[in-house]
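J.:
Protein chains: 2
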Amino acid sequence: MHDSFTIAPWHQSLRQLVDVAAGRRPADLVVRGAVWVNVQSRELIPNTDLAVSAGRFAYCGEDASHCVGEDTVIIEADGKYAVPGLCDGHMHIESGMLTPARFAEAIIAHGTTTLFADPHEIANVLGIDGVRLMLNESLMQPINIYMQMPSCAPSAPGLETTGRCITPEDVTEAMAWPGIIGLGEMMNFPDVVAGDQQMLAEIAATQAAGKTVGGHYASLDLGVDFHAYLAGGPADDHEGTRETDAISRVRQGMRSMMRLGSAWYDVASQITAITEKGLDPRHFILCTDDCFCATLVEDGHMDRVVRHAIDCGCAPLVALQMATINVAEHFGLEREIGSIAPGRRADLFLTDCLTELPVSDVFARGRHLASQGKLLIETPRLDWPVAALNTVKLGRTLDAHDFRLKAPNGAASSVRCKVIGVVENQAPTKHLKAILPVCHGFVKSDPEQDICHIALVERHRRTGHVVNALVRGFGYRGSMALASTIAHDSHHMIVVGTDPLLMAQAANRLGTIQGGISLWRDDAEIASVHLPVAGLMSPLPAQEVAATVMQLNTELAACGCQLNNAVMQHSLLALPVIPELRISDLGLVDAVSFKLVSPFDED
Amino acid sequence: MHDSFTIAPWHQSLRQLVDVAAGRRPADLVVRGAVWVNVQSRELIPNTDLAVSAGRFAYCGEDASHCVGEDTVIIEADGKYAVPGLCDGHMHIESGMLTPARFAEAIIAHGTTTLFADPHEIANVLGIDGVRLMLNESLMQPINIYMQMPSCAPSAPGLETTGRCITPEDVTEAMAWPGIIGLGEMMNFPDVVAGDQQMLAEIAATQAAGKTVGGHYASLDLGVDFHAYLAGGPADDHEGTRETDAISRVRQGMRSMMRLGSAWYDVASQITAITEKGLDPRHFILCTDDCFCATLVEDGHMDRVVRHAIDCGCAPLVALQMATINVAEHFGLEREIGSIAPGRRADLFLTDCLTELPVSDVFARGRHLASQGKLLIETPRLDWPVAALNTVKLGRTLDAHDFRLKAPNGAASSVRCKVIGVVENQAPTKHLKAILPVCHGFVKSDPEQDICHIALVERHRRTGHVVNALVRGFGYRGSMALASTIAHDSHHMIVVGTDPLLMAQAANRLGTIQGGISLWRDDAEIASVHLPVAGLMSPLPAQEVAATVMQLNTELAACGCQLNNAVMQHSLLALPVIPELRISDLGLVDAVSFKLVSPFDED
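Residue numbers (the working numbering), protein chains in the order written: chain A, 18 to 620; chain B, 18 to 620.
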């Protein structure tokens, strides 16, 4: 049954396509009377018929009557625009908390037919095996999900321990897999700049395979380091936030990927490079990077991004090019996807407005997949192996003692501590200091200062190891705890709370349900999100997962947290590559000096 | 010594490039203070320094001081424009009558640093072995000569016999050779449209190798046949002559290659698709297709084409994109050539005017190759094997009897004959009729009607076979004969003359000198061009070859020929794929019905 969505390469369907175009063989599908959104020439061409065979366009022109046979399905476009299926140039499926099948299910009706997905999160948990599993489910889908081989697991070697590592040998192996399109974002830019052997070996393996090296230059410095990074081979970057970032990347021969994720808003500030500075838009690409399931359900996917680009003043045809042919050309797939033209996969959607972009009917590989927001097929699901469903390995039952921060020997009634300071709507944290009371040799949190406990529980190797520290900014009141196995990038378990016992209960609960998010208040779990696939993804539909996340958010607010996106703020606290202070399985991390530090202020 | 021009892949030079960009290792070359012609962003960026190492750009930015060491060569650009080396998107080296080494020598000072060459002519003589030889000399050059595997030898199966054939197996084999970039122009479009097994197999082998299929749709019909051809996979086409041809090709996902060759003038009529209709120019490409050596010497190469495009009203940066990054992207080489950006081959030229485009200094792979029109290096030459230098195989000495057209048995004093009608400045011929006298059983030519003899001498298989017919339009007077081994596409020998004995002498002379062109008048050779390599190319410099051709033209005029380009008109008389009447080794060919026909009018 899953095979039904596969498509043969163009070179195996040449005869069939020529025969259909010549009128010697009937098409499977003809879309009649559309306005052809021609991203190749940047034109709108009215009164166009599209004939499809073997999942590909066989004929695009003014009259496909000669391609119509008895069994040809006819779709009357009635003057609607026929737009190439949208492509997301860089994204992480795991960010949706959904498996590839459920992610695909959620986005098809929004007109997205191609993803360039970097399974970076699962790679941190399951290594190359996790990548393979993501690829396997992706290859079963009726849309195109190309996979980028993650480059950086761990992303901060020496400062964290991942479940599994990605090696240059893994990269070399993966480059030979069908469906692997390149290397995922090379986020370890300091090591590329430094000429690190391993990072350059991963890039070299990708280039030698003729594939695309993804970039991730998360720095505002456009000086010598930037140039050294460029010489190291990354071909795109989605970390730009300013117009000058977009311009400098394109000038240097990179693709500027401008993202609108659930929590990324980097299109408006950069698209002026096109709309005001008038640069050639061909090397600009739109992407989402990270989309929560709730965004998919409520706002859409790449249709949302294109709409936003148009709202920012971008011409609709240019915005659509940035989500279709520009992406395809970047990955060397222009003869395969990204435009409506003979031989390409018959991926398209119909819409009656190029600015609002309401998506009516969606086709991929010539199949009618969605109509008026309703999916017409089921997306095939992988039978995930036990190894992928059993990734929360605590090794023992945790108790309240595990979540206490022991004061330094000889500490008096109070101690000066380092505190991770949460900054609303931003990934960087602050490195704060605070004086906290010591009781029976342990540091006490202090609701008055909005300081509570944070712990990092090792969950990959059954060590039962717990690192404790302090965090400020969540606004938690009363007795509560939140545990989550979404803990970028190595995805151990982050536990935040005001009560060590509840923290232990929340942590143990995730051991039982094998991953997700568990919120406890006053001795009971009051909300949870089950993410049993690698502790990161749910095999349930987006609507259901989104509903549990929304309920969690409601309960978090009831616990006193007023942050805009509390779940994401939690999930980033263990990310040691972004300043200033983080927690990892190895201890507290000064993410400015890139050193492990004591939780106490010893200056 | 030849190895000195090779360049390692980017992935083997990553460390070195990063080190140079970071200032840890000195660059080999720094070009200082240029205006960066940025074809990626379509901008001019003043005050740019370019640092080069390992033959590639390591740094492109405002200050490369940190890349300069003791041994770094500094070139002061003094505000000149730094333009990416020009790329010729489709061309035949053989048309220059020069070997690849001599062709490269002739074009470098004009700023061309990349050729996409289809060795179609030598393939007709020597098959895949000839392709390999062209590739071998090409790979030795200091500029980039990518080779397209010829697709159609013979171009008219059943109507001509080539020296060797190209098979789908040959194509599959060649796709694995380094330097083979795709399939050469698929000119047998009727067979693609018909779904012919062999043509589709060649295309499939190319696509399966991930390479580019060159197109050649020499027809004004944009109906069903055009669409069937498109479905068959050709990715570009240079046969368009009208604005509508360019537009329809780009809309259909092809690259429109607009050519300005020595005898092709297809830019002005098509570039309005950009300059007036406002199409996105990214899929438009400039090329020469065929350039005689005299054009290279007198007018230039791709600089001439870009200049012409600008004269036609195209913005200079768009015209330059069409000769640089557009070409590179089409062939999947955008990370290698076609722009000035980190990692790319350091191919560039300096100029002080973007409209006149005078080329001052030329660099390729970081080497300073030319300055003010003077070459600073020698282009390495292949030691061509005897098999390639001994291709005129007549099998015997020809005499006057071989060049007589025997009248039909029982013919009276005159006979009605078919006559090939030359049309000045056009490739198509006319199918004419004429009544000619018969003398001793043989047809006599008639200077009064401007009709003389034409013969096709088989030269590949030593058969000594000669086909005789009649031609009109050269204006030859007196006793003369011209023989040439440039005889598209199968390159036997064409002999045209008023005197059978001189025709035999000219033919025998080419047997002696092993190919070229020999002009005889009144019992003596009065001009000749020696083309010993496959009977098509000279190993001498362009200036010398051009001088002999110019002398030949002068003498042809003295023989009465006033045609603009007599040599080309001769060379196309055996091309059975273009209407209306042609000669081949198999007989007279009706190139409308694609049938062999009698030289006599039997209606």
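Using N, Cα and C, we set each Cβ at its ideal position, and we do this for glycine too.
Note that this is a predicted model, so its numbers are computed, not measured.
1. Who are the Cβ neighbours of G86 (chain B) in its own chain at under 8 Å, not counting the five residues just before and after it?
2. Counting along the chain, where does the alpha helix (DSSP H) carrying R149 (chain B) start and finish?
3. Indicate whether at least one CB of chain A lies closer than 8 Å to the CB of V512 (chain B).
4. Under 8 Å, with one C-beta from each stretch per pair, do the segment 396-406 of chain A and the segment 418-426 of chain A reach the 3-pair mark?
5. Tell me the DSSP secondary structure of C576 (chain B) in three-state form.
6. Per DSSP, what are the beta-bridge partners of A500 (chain A) in this structure?
7. Among B:L367, B:S273, B:Q338 and B:Y163, whose alpha-carbon lies nearest the alpha-carbon of A387 (chain B)?
8. M554 (chain A) lies in the alpha helix (DSSP H); which residues open and close that run?
9. Give the DSSP-derived three-state secondary structure of R526 (chain A) in the structure shown.
10. For the segment 71-93 of chain B, list every residue whose C-beta sits within 7 Å of some C-beta in chain A, in sequence order.
11. What residue range is occupied by the uninterrupted alpha helix (DSSP H) comprising C310 (chain A)?
12. Given R398 (chain A), which residues of its chain have a CB within under 6 Å of its CB, disregarding the five upstream and five downstream residues?
13. Quick check on DSSP: helix, strand or coil for W53 (chain B)?
14. Check the Cβ-Cβ distances between A193 (chain A) and every residue of chain B, and say whether any is below 8 Å.
15. Which stretch, first to last residue, makes up the alpha helix (DSSP H) that contains R384 (chain A)?
16. Are any of the Cβ atoms in chain A nearer than 8 Å to that of R382 (chain B)?
17. Which parts of the segment 439-475 of chain B are runs of the beta strand (DSSP E), unbroken and 3 residues or longer, counting only runs that do not cross its ends?
18. Can you give me the C-alpha to C-alpha distance between H19 (chain A) and L152 (chain A), rounded to a whole angstrom?
19. Alpha carbons only, please: which of B:G412, B:I198 and B:I534 is nearest the one belonging to G349 (chain B)?
20. Would A39 (chain B) and V210 (chain A) be called neighbours here (beta carbons separated by less than 8 Å)?
21. Any idea if L46 (chain B) is buried or exposed, counting beta-carbon neighbours within 10 angstroms, 16 or more meaning buried?
22. Taking the alpha-carbon positions, what's the G232 (chain A) to D307 (chain A) distance?
23. Below 7 Å between beta carbons is the criterion; list the residues of the segment 211-224 of chain B that meet it against any residue of chain A, in chain order.
24. Roughly how many whole angstroms lie between the Cα atoms of A263 (chain B) and S462 (chain B)?
25. Based on Cα-Cα distance, which residue from B:G317, B:L453 and B:V513 lies nearest to D618 (chain B)?
26. Alpha carbon to alpha carbon, how far is Q531 (chain A) from E351 (chain B)? Give it in angstroms, no decimals.
27. Under 7 Å between beta-carbons, which chain B residues line up against N55 (chain A)? List them in chain order, please.
28. By DSSP, does P167 (chain A) sit in helix, in strand, or in coil?
29. Hey, Q269 (chain A) and P298 (chain A): beta-carbon distance below 8 Å or not?
30. Pull up the distance between the alpha-carbon of F459 (chain B) and that of P171 (chain B), whole angstroms please.
31. Quick one: grab the DSSP three-state call for M274 (chain A).
32. DSSP on T565 (chain B), reduced to helix/strand/coil?
33. Between which two residues does the beta strand (DSSP E) holding F301 (chain B) run?
34. In whole angstroms, give me the CA-to-CA distance for I162 (chain B) and I125 (chain B).
35. Check whether the segment 480-494 of chain B touches the segment 187-204 of chain B, taking contact to mean three or more Cβ pairs, one atom from each stretch, closer than 8 Å.
T.: From the atom records:
1. Around G86 (chain B): R42, P43 and A44.
2. Run containing R149 (chain B): H137 to L156, per the alpha helix (DSSP H) assignment.
3. With 8 Å as the cut-off, V512 (chain B) does not count as an interface residue toward chain A.
4. No, they do not touch.
5. If DSSP states are grouped into helix, strand and coil, C576 (chain B) belongs with coil.
6. According to DSSP, residue pairing for A500 (chain A) in a beta bridge involves A:V512 and A:S535.
7. The residue from B:L367, B:S273, B:Q338 and B:Y163 with its alpha-carbon nearest to that of A387 (chain B) is B:L367.
8. It is not in any alpha helix (DSSP H) - M554 (chain A) carries neither H nor E in the DSSP assignment.
9. Of the three classes helix, strand and coil, the one that applies to R526 (chain A) here is helix, per DSSP.
10. The residues in question are A75, Y76, C77, G78 and H83.
11. First-last of the alpha helix (DSSP H) with C310 (chain A): C310 to E315.
12. Correct list, in chain order: A118.
13. Here W53 (chain B) carries a strand assignment [DSSP, helix/strand/coil].
14. It does not: the Cβ of A193 (chain A) has no partner Cβ on chain B nearer than 8 Å.
15. Note, R384 (chain A): premise wrong, no alpha helix (DSSP H); beta strand (DSSP E) at R384 to S388.
16. Cβ-Cβ to chain A under 8 Å: no for R382 (chain B).
17. Listed in chain order, they are 447-456 and 468-474.
18. Unreliable placement is indicated for H19 (chain A), whose pLDDT of 42 sits below 50; the coordinate value is still reported in the next sentence. When rounded, the distance between both Cα atoms is 14 Å.
19. Cα-wise, what sits closest to G349 (chain B) is B:I198.
20. Cβ distance < 8 Å, so A39 (chain B) and V210 (chain A) count as in contact.
21. Buried: at least 16 other Cβ atoms inside 10 Å.
22. Cα to Cα, G232 (chain A) sits roughly 16 Å from D307 (chain A).
23. Identification of residues in the segment 211-224 of chain B having a C-beta nearer than 7 Å to some C-beta of chain A yields G212, L217, I220, A221 and Q224, given in sequence order.
24. In this model, A263 (chain B) and S462 (chain B) are separated by some 44 Å (Cα to Cα).
25. If we check each option's Cα against that of D618 (chain B), B:L453 comes out closest.
26. Their backbone Cα atoms lie some 46 Å apart in a straight line.
27. The answer, in chain order, is R268.
28. Coil at P167 (chain A), not helix or strand.
29. No.
30. Each residue's Cα considered, the two are about 32 Å apart.
31. Look at M274 (chain A) here: in three-state DSSP terms it is strand.
32. Note: T565 (chain B) maps to helix in three-state DSSP.
33. From DSSP, the beta strand (DSSP E) with F301 (chain B) extends over F301 to C304.
34. Each residue's CA atom was taken as its position, placing I162 (chain B) and I125 (chain B) some 12 Å apart.
35. No, the segment 480-494 of chain B is not in contact with the segment 187-204 of chain B.
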